[in-house]
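Below is one structure, written out as structure tokens; comments come after it.
2 protein chains.
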Amino acid sequence: MESFRLINLQKKKSKLVIGLMSGTSLDGVDCVLCSIKNSAFKTEVKQINFITHPFPNRLKEILLENSIPHKGNVTDITKLNFLLSFVYVDAIKKLIRKSKINMKEIDLIGSHGQTIQHLPGKEKYFNYKFGSTLQIGDPSIIAKLTGVTTIGDFRTGDMALGGEGAPLVPYFDYIMLMSKKNNRALLNVGGISNITILKKNGKPNDILAFDTGPGNILIDSLSKKMFNADYDKDGEFAEKGNINEKLMKDLIRKDNFILSKPPKSTGREYYNEKFIQPLLNKFNRLPRYDLVATITNFTAYAVYRNYELFVKNKVKIDKLYVSGGGARNKFLLKQLQYYFGKSVKVFNIEKIGISSDAKEAICFAVLANETISGNPSNLPKVTGAKRKTILGKICLP
Amino acid sequence: MESFRLINLQKKKSKLVIGLMSGTSLDGVDCVLCSIKNSAFKTEVKQINFITHPFPNRLKEILLENSIPHKGNVTDITKLNFLLSFVYVDAIKKLIRKSKINMKEIDLIGSHGQTIQHLPGKEKYFNYKFGSTLQIGDPSIIAKLTGVTTIGDFRTGDMALGGEGAPLVPYFDYIMLMSKKNNRALLNVGGISNITILKKNGKPNDILAFDTGPGNILIDSLSKKMFNADYDKDGEFAEKGNINEKLMKDLIRKDNFILSKPPKSTGREYYNEKFIQPLLNKFNRLPRYDLVATITNFTAYAVYRNYELFVKNKVKIDKLYVSGGGARNKFLLKQLQYYFGKSVKVFNIEKIGISSDAKEAICFAVLANETISGNPSNLPKVTGAKRKTILGKICLP
Chain A
1 MESFRLINLQ
11 KKKSKLVIGL
21 MSGTSLDGVD
31 CVLCSIKNSA
41 FKTEVKQINF
51 ITHPFPNRLK
61 EILLENSIPH
71 KGNVTDITKL
81 NFLLSFVYVD
91 AIKKLIRKSK
101 INMKEIDLIG
111 SHGQTIQHLP
121 GKEKYFNYKF
131 GSTLQIGDPS
141 IIAKLTGVTT
151 IGDFRTGDMA
161 LGGEGAPLVP
171 YFDYIMLMSK
181 KNNRALLNVG
191 GISNITILKK
201 NGKPNDILAF
211 DTGPGNILID
221 SLSKKMFNAD
231 YDKDGEFAEK
241 GNINEKLMKD
251 LIRKDNFILS
261 KPPKSTGREY
271 YNEKFIQPLL
281 NKFNRLPRYD
291 LVATITNFTA
301 YAVYRNYELF
311 VKNKVKIDKL
321 YVSGGGARNK
331 FLLKQLQYYF
341 GKSVKVFNIE
351 KIGISSDAKE
361 AICFAVLANE
371 TISGNPSNLP
381 KVTGAKRKTI
391 LGKICLP
Chain B
398 MESFRLINLQ
408 KKKSKLVIGL
418 MSGTSLDGVD
428 CVLCSIKNSA
438 FKTEVKQINF
448 ITHPFPNRLK
458 EILLENSIPH
468 KGNVTDITKL
478 NFLLSFVYVD
488 AIKKLIRKSK
498 INMKEIDLIG
508 SHGQTIQHLP
518 GKEKYFNYKF
528 GSTLQIGDPS
538 IIAKLTGVTT
548 IGDFRTGDMA
558 LGGEGAPLVP
568 YFDYIMLMSK
578 KNNRALLNVG
588 GISNITILKK
598 NGKPNDILAF
608 DTGPGNILID
618 SLSKKMFNAD
628 YDKDGEFAEK
638 GNINEKLMKD
648 LIRKDNFILS
658 KPPKSTGREY
668 YNEKFIQPLL
678 NKFNRLPRYD
688 LVATITNFTA
698 YAVYRNYELF
708 VKNKVKIDKL
718 YVSGGGARNK
728 FLLKQLQYYF
738 GKSVKVFNIE
748 KIGISSDAKE
758 AICFAVLANE
768 TISGNPSNLP
778 KVTGAKRKTI
788 LGKICLP
């Protein structure tokens with residue numbers, strides 16, 4: 001009988017697991033193959049192969065249209081939910097070919113899906129008060145087309161219990177990256193930036209983690225507008241500019257996410273055209289390099305300001321490890337080091353043996369392994385959920 | 398470890414299962430409690446209690462807005478996906494209270510969800526050709542809030558394999574209602590009508606099943622427009638009218654679903670305002686009772702015409718059992734008997750011991766039991782899928 005498949009999977013000491021992450025940048029899906037031994041604190045992960053599979057042309061635009069609050073439409077969303085899974089399956093097949101292994105050898109797939117709306121703030125709707133979120137890229141389609149058990153939709157379960165459904169990476173950070181010697185901060189700079197603070201030898205209740213605000217989302221948007229580039233490669237545009245103090249002040253005044261208390265999470269619903277365009281109109285005489293430099297500096301500032309407000313008096317961090325696309329932005333790293341000062345060393349996360357690009361995809365491979373192992377993997381103190389719970393929906397092939 | 402929960406569930410001979418169905422009528426959720434023994438052909442179901450839990454005021458309108466092709470928006474859909482689950486959980490709690498049992502005694506929940514878009518026709522989108530569907534009312538929210546393992550999203554897996562994801566009820570009909578003596582047809586008249594033809598002692602490949610066209614969807618819409626009633630109670634409006642032959646002709650000419658070959662499925666995407674309003678404009682002098690009588694007759698005609706075109710030369714049915722809200726429409730039953738003639742007896746399905754109202758909800762309780770038992774429950778010949786597969790996503794509490 002079929003559910004013995006799950007038991008056999010659970011019993012298997014070492015598994016080949018694929019992790020999929022498609023983030024707020026909307027330009028492709030990160031796809032990692034790794035071997036995972038054991039679970040929870042005993043988890044050992046070895047990255048075997050990693051690819052970023054680009055989305056087809058024009059998909060980003062259509063996803064964007066369907067991510068704007070109160071925009072999009074049911075037909076697009078229905079079709080995109082299927083389409084993305086087909087794209088994910090293509091990514092998986094490409095990774096498998098590149099790795100010269102057979103799909104049948106894969107034990108498990110963990111897929112984050114594509115967030116097209118994240119509304120963590122609890123609002124009244126009819127007689128209920130709740131936050132909500134929507135990830136598309138149906139995991140059962142992935143399971144049926146690959147023949148591999150797939151876990152997806154990790155966020156809804158936590159939100160059902162009153163949590164924000166985010167961030168989920170801190171659990172991974174906690175079981176994989178906590179140090180016995182140093183207070184570590186893990187900063188992932190994807191579209192949005194999120195930080196995890198791991199007190200040395202800490203307990204789950206010691207973990208602080210939340211979104212700090214923009215990641216590459218504003219930098220990418222400016223790079224597009226000003227240079228018709230998808231992003232600021234290595235921070236080169238920013239490097240050529242000067243930080244404009246007046247624009248910095250306006251950005252800080254405009255932002256009301258940085259000051260809001262954790263647990264908190266954000267997304268394109270907040271950091272979008274409406275956020276940036278009025279300031280661009282006002283500062284339209286500023287050299288475009290200065291605009292990118294200033295917005296990159298603001299991104300670093302947002303991280304530090306959050307640290308100052310919500311972390312520093314509880315945990316003084318020793319080291320800050322940066323991952324995600326933003327880890328390659330040298331100007332951003334420089335500004336982070338500037339804000340955090342001499343007492344905190346800023347590194348690319350590769351320093352501690354994790355691929356900066358693959359980190360989030362690895363996280364969803366590990367979270368899938370936790371689900372199949374029967375381990376709850378939300379951190380209630382971090383997400384605000386009422387209790388620990390096993391995340392994700394199990395989809396049989 | 399948690400997945401032993403599934404094994405224990407699988408091993409349990411008799412389970413208390415709740416089935417949830419919210420259909421195209423968009424006015425509430427049918428919620429049944431039953432005990433289920435064994436699985437597949439050995440399945441024994443005993444209905445313990447049944448309720449229809451009405452949706453909150455105004456929810457129907459918002460669901461309707463978000464079901465119209467190319468309408469709706471991502472924020473509403475995201476919130477409705479959560480909201481519906483809360484409403485479902487309220488329905489479950491009400492049923493539990495009424496049944497005087499404890500939630501902890503419930504073993505399993507099967508939930509169909511609310512279809513807000515069903516696009517079974519394969520169309521090219523980017524470089525992929527596929528049909529798609531979207532059910533909302535997230536099953537993992539139901540699992541977390543009830544503490545009961547929940548299976549939902551039964552249609553996507555079949556569609557991933559090229560099927561229409563519908564109809565799913567024929568599998569239930571096949572394992573539960575096939576006769577050794579008679580060729581049976583099971584007709585469910587919900588918003589849409591679907592029929593299952595069970596040849597006596599048939600094999601899965603003998604089953605014919607498909608949507609025949611409108612169920613109550615056009616009758617309800619006319620009852621609203623003409624009498625400000627939610628539906629035509631017992632067919633009383635129709636009973637007072639005469640069938641108008643000219644309108645019948647126009648309806649038949651207008652409809653291009655009836656003539657299309659199975660496998661086929663339809664929904665509000667086709668039978669909606671655009672379908673009916675031009676004819677109402679043309680026939681605006683007809684007495685309103687005649688309009689309802691004619692549209693009800695057309696609904697019966699659609700069933701029979703499908704039988705004539707796609708069934709009769711393969712299986713000559715002996716008995717037709719009607720379920721769903723339409724089974725209470727006496728005029729509809731009379732017209733069905735008229736079209737099918739003396740050789741076919743038309744009954745309410747209660748005649749063979751199944752509650753007419755609860756049938757679809759029971760079906761999803763049984764389908765959840767099939768999933769947890771590891772049994773594939775799509776019928777590839779009926780849905781058009783490439784292969785049999787286990788349906789649904791498993792959501793742990």
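First to last, the sequence lines map onto chains A and B.
For the first sequence, this note's numbering gives the first residue as 1, with consecutive numbering after it.
For the second sequence, this note's numbering gives the first residue as 398, with consecutive numbering after it.
In this text, a Cβ means the ideal position worked out from N, Cα and C, and glycines have one as well.
> Looking only at DSSP bridge pairs, what is B/F737 linked to?
Replying inline: Residue mapping note: residue 737 of chain B aligns to position 340 of the second sequence, counting from 1. Residue pairing by DSSP places B/F737 in no beta bridge whatsoever.
> Skipping 5 residues on each side, what residues in its chain have a beta carbon closer than 8 Å to that of B/S753?
Replying inline: Working through the second sequence from its first residue, we reach residue 753 of chain B at position 356. Taken in chain order, the residues that qualify are V719, S720, G721, A724, R725, N745, I746 and E747.
> Name the chain A residues whose beta carbon is nearer than 7 Å to that of B/Y522?
Replying inline: To locate residue 522 of chain B, count along the second sequence from 1; it is residue 125. Under the 7 Å cutoff, chain A gives K79 and L83.
>> Can you check which of these residues, B/S774, B/I592, B/F728 and B/I759, is closest to B/K716 by C-alpha distance?
In response: Counting from one through the second sequence, the residue named residue 716 of chain B turns up at place 319. Put simply, of B/S774, B/I592, B/F728 and B/I759 the residue whose alpha carbon is nearest the alpha carbon of B/K716 is B/I592.
> chain B partners of A/K71, CB-CB under 7 Å?
Replying inline: Here the question's residue 71 of chain A lines up with position 71 in the first sequence. Here the neighbours are N470 and V471.
> How about the region 331-338 of chain A and the region 192-212 of chain A: do they share at least three Cβ pairs that are nearer than 8 Å?
Replying inline: No, they do not touch.
> What are the residues that DSSP puts in a beta bridge with B/Y718?
Replying inline: Translated into positions along the second sequence, residue 718 of chain B becomes position 321. Paired residues: B/L583 and B/F744.
>> Less than 8 Å between CB atoms is the rule here; does B/D550 satisfy it with respect to chain A?
In response: In the second sequence, counting from the first residue as 1, residue 550 of chain B sits at position 153. Closer than 8 Å to some Cβ of chain A, the Cβ of B/D550 qualifies, so yes.
> Contact between the region 152-164 of chain A and the region 271-287 of chain A: three or more CB pairs below 8 Å?
Replying inline: no
> So, B/S432 versus B/K412, is the Cβ gap smaller than 8 Å?
Replying inline: On the second sequence, position 35 is the one that residue 432 of chain B refers to. On the second sequence, position 15 is the one that residue 412 of chain B refers to. It is a contact, given that the beta carbons lie within the stated cut-off.
> Nearest-angstrom Cα distance between A/L336 and A/P170?
Replying inline: Counting from one through the first sequence, the residue named residue 336 of chain A turns up at place 336. Counting from one through the first sequence, the residue named residue 170 of chain A turns up at place 170. Rounded to whole angstroms, A/L336 to A/P170 spans 20 Å at the Cα level.
>> Does chain B have any CB closer than 8 Å to the CB of A/A160?
In response: One-based indexing of the first sequence puts residue 160 of chain A at position 160. Chain B contact via Cβ: present.
>> Just to make sure I have the definition right: I need the residues of chain A whose C-beta is within less than 7 Å of the C-beta of B/P453. Which are they?
In response: In the second sequence, the residue the question calls residue 453 of chain B occupies position 56. Those are F126 and N127, listed as they occur along chain A.
> Mind checking if A/S67 is an interface residue toward chain B, Cβ cutoff 8 Å exclusive?
Replying inline: Looking up residue 67 of chain A in the first sequence gives position 67. Chain B contact via Cβ: present.
>> Give me the chain A residues within the contact set of B/Q514, using Cβ-Cβ distance strictly less than 7 Å, ordered along the chain.
In response: Counting from 1 along the second sequence, the entry for residue 514 of chain B is found at position 117. Those are V74, T75 and T78, listed as they occur along chain A.
> In chain A, which residues lie less than 9 Å from B/G518 when you measure between Cβ atoms?
Replying inline: Stepping through the second sequence from its first residue, residue 518 of chain B is reached at position 121. Those do not exist, as B/G518 stays about 12 Å from chain A at its closest Cβ, beyond 9 Å.
> Taking only beta-carbon atoms, is B/T553 less than 8 Å away from chain A?
Replying inline: Within the second sequence, the letter at position 156 stands for residue 553 of chain B. B/T553 counts as touching chain A.
> What do you get for B/S770, buried or exposed, if any count of 16 or more other CB atoms within 10 angstroms of its CB means buried?
Replying inline: As a working note, residue 770 of chain B is residue 373 in the second sequence. The residue in question, B/S770, is buried, as its Cβ has 16 or more Cβ neighbours within 10 Å.
> What does a CB cutoff of less than 8 Å around B/K783 pick up in its chain, not counting 5 residues either side in sequence?
Replying inline: As a position in the second sequence, residue 783 of chain B is number 386, starting the count at 1. Here the set comprises L558, G559, G560 and P777.
> Thinking C-alpha only, which one of A/S132, A/T115, A/S111 and A/Y128 is nearest A/G121?
Replying inline: Against the first sequence, residue 121 of chain A aligns to sequence position 121. That would be A/S132, whose Cα lies nearest to the Cα of A/G121.
>> Check for me: the beta strand (DSSP E) holding B/V426 runs from which residue to which?
In response: The residue labelled residue 426 of chain B in the question sits at position 29 within the second sequence. Looking at the DSSP string, the run of the beta strand (DSSP E) that includes B/V426 is G425 to K434.
> Can you list, in chain order, the residues of its chain whose CB lies under 7 Å from that of B/Q444, leaving out five sequence neighbours each side?
Replying inline: To locate residue 444 of chain B, count along the second sequence from 1; it is residue 47. Excluding sequence neighbours, B/Q444 sits near V429, C431, S752, A755 and I759.
> Name the chain B residues whose beta carbon is nearer than 7 Å to that of A/D138?
Replying inline: In the first sequence, the residue the question calls residue 138 of chain A occupies position 138. Near A/D138 (Cβ distances below 7 Å), the residues of chain B are T553.
> Can B/L406 and B/F551 be called in contact, C-beta distance under 8 Å?
Replying inline: The count along the second sequence starts at 1 and reaches residue 406 of chain B at position 9. The count along the second sequence starts at 1 and reaches residue 551 of chain B at position 154. No.
> Skipping 5 residues on each side, what residues in its chain have a beta carbon closer than 6 Å to that of B/H509?
Replying inline: On the second sequence, residue 509 of chain B is found 112 positions in, with the first residue counted as 1. So the list reads M418 and F761, once near-sequence residues are dropped.
> How about A/I390 and A/N375: do their beta carbons lie closer than 8 Å?
Replying inline: On the first sequence, position 390 is the one that residue 390 of chain A refers to. On the first sequence, position 375 is the one that residue 375 of chain A refers to. Taking 8 Å as the Cβ cut-off, A/I390 and A/N375 qualify as a contacting pair.
> Going by alpha carbons, who is nearest to B/T553 out of B/L793, B/P794 and B/G789?
Replying inline: Along the second sequence, one-based indexing puts residue 553 of chain B at 156. Taking only the C-alpha atoms, the option nearest B/T553 is B/G789.
> Curious, which full-length alpha helix (DSSP H) runs of at least 4 residues does the region 196-240 of chain A contain?
Replying inline: Whole alpha helix (DSSP H) segments, 4+ residues: 217-227 and 236-239.
>> A/L208 and A/G137 - do their beta-carbons sit closer together than 8 Å?
In response: Walking along the first sequence from the start, residue 137 of chain A turns up at place 137. Walking along the first sequence from the start, residue 208 of chain A turns up at place 208. The answer is no: Cβ separation not under 8 Å.
> Just to confirm, does A/K180 get its C-beta within under 7 Å of one of the non-hydrogen atoms of the ligand MN?
Replying inline: The ligand content of the structure shown is nil, which means the ligand MN is not present either.
>> Looking at the strands, I want to know which residues DSSP matches up with A/V17.
In response: In the first sequence, counting from the first residue as 1, residue 17 of chain A sits at position 17. A/C34 and A/L108.
> Who are B/F527's beta bridge partners in DSSP?
Replying inline: As a first step, residue 527 of chain B is located in the second sequence; it is residue number 130 there, counting from the start. In the DSSP assignment, the residues bridged to B/F527 are B/E520.
>> Can you confirm whether B/I404, when its beta carbon is compared against all beta carbons of chain A, has any partner nearer than 8 Å?
In response: As a working note, residue 404 of chain B is residue 7 in the second sequence. Cβ-Cβ to chain A under 8 Å: yes for B/I404.
>> Is the separation between the beta-carbon of A/H118 and that of A/G267 shorter than 8 Å?
In response: Locating residue 118 of chain A in the first sequence gives position 118, where the first residue counts as 1. Locating residue 267 of chain A in the first sequence gives position 267, where the first residue counts as 1. In this structure, A/H118 places its C-beta atom within 8 Å of the C-beta atom of A/G267.
>> Does the structure place the region 704-711 of chain B close enough to the region 567-580 of chain B that three or more beta carbon pairs sit under 8 Å?
In response: no
> Along chain B, which residues have their Cβ under 9 Å away from the Cβ of A/S377?
Replying inline: Counting from 1 along the first sequence, the entry for residue 377 of chain A is found at position 377. Residues of chain B passing the Cβ test: none, with the nearest at roughly 11 Å.
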